[in-house]
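Numbered per our numbering, the sequence shown spans residues -3 to 187.
Here a beta-carbon is modelled for each residue, glycine too, at the ideal position from N, C-alpha and C.
Keep in mind the model is a prediction, meaning the values are calculated, not measured.
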Amino acid sequence: MQQLKDRILKEAAVASGHVLKVDSFLNHQMDVALFYEIGKEFHRLFKQDGITKIVTVEASGIGIACLAALFFKVPVVFAKKQKTANLVEDVYTTSVSSFTHGKLYDIVISKEFLNPEDRILLIDDFLANGCALNGLRDLVEQAEATLVGAGIVIEKGFQGGGDQLRAEGMRIESLAVIEKMDKDGIVISGE
Ligand code: 5GP
């Protein structure tokens, strides 16, 4: 998606530990007009797939998922992060290792909001090692719902999470794939 790639090249900063900072339009200040275009693009890519629900994880995925949901006309369910899962009988839960904070946390979704009839599109802001998507897939599988695929805004291709999940059969559509990033700059696939 050219508009997104242009914004990354213009505004992103490379922080230590392979973290791309895009706080000016995605992770702190949010450019909702850009989110609208991102949502439209995810809809173009997945509109034939009978999506009934969009699933994301708090916090940065929520805004993007909401704009996409306007196009799909389906609800958004966001997995909540918590240190330890309580009320385990009422929720699906799994453990995820945080890329940006380097620690383990649980994500939970109430059983009431995921059903075996659901056809799920996962949406997230970043794909790095694939732990977040792996955890969300686990919740969808626990609910015996159908995982259609994942829409990712920025994939850091050099970290390999996307390759691994694709090899396992997950359909992943990333709107910008970073091939390389360091103090000398950022290289985006197709640029
Ligand atoms: P993964 O679980 O694939 O290793 O990492 C994905 C999650 O970590 C995303 O939900 C995102 O919140 C966060 N993340 C991973 N890499 C980056 C990055 O370079 N920049 C930012 N802002 N978040 C990232």
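Cα-Cα separation, residue i to residue j
i    : j    : result
I60  : G181 : 26 Å
F31  : V104 : 25 Å
A65  : F42  : 12 Å
Q58  : D121 : Looking at the sequence shown, residue 58 is not Gln but Ile. For I58 and D121, the distance between alpha carbons rounds to 9 Å.
L63  : I34  : 8 Å
Q155 : N125 : 6 Å
H14  : E108 : 37 Å
N111 : H24  : 32 Å
A163 : C127 : 15 Å
G46  : F74  : 19 Å
Strand pairing of residue i, partner residues [DSSP]
i    : result
E151 : L123, V173
R115 : T142
T90  : I103
F74  : T52
Beta-carbon contacts of residue i that lie in its chain and below 7 Å, excluding the five residues immediately before and after
i   : result
F21 : R3, E7, D27, L30
I50 : A61, A64, A65, F68, V70, V72, L117, I119
Coarse secondary structure for residue i, derived from DSSP in three states
i    : result
A64  : helix
G157 : helix
L16  : strand
I168 : strand
G188 : The structure shown has nothing for residue 188, since the chain only spans -3 to 187.
A163 : helix
Same chain, Cβ closer than 6 Å to residue i, neighbours up to 5 away in sequence not counted
i    : result
L123 : I148, E151, G157, G158
G131 : T90, V92, I103
Whole-angstrom C-beta distance between residue j and residue i, which should lie under 8 Å
i    : j    : result
E187 : K1   : 6 Å
D86  : S106 : 6 Å
Q78  : D102 : 5 Å
M166 : A141 : About 14 Å separates the two Cβ atoms, so there is no contact after all.
Y88  : L143 : About 13 Å separates the two Cβ atoms, so there is no contact after all.
V10  : K179 : 7 Å
Contacts around residue i, its chain only, beta-carbon distance under 8 Å, and the 5 residues preceding and following it disregarded
i    : result
Q193 : The requested residue 193 does not occur in the structure, where the chain is confined to residues -3 to 187.
T48  : V70, E113, D114, R115, I116
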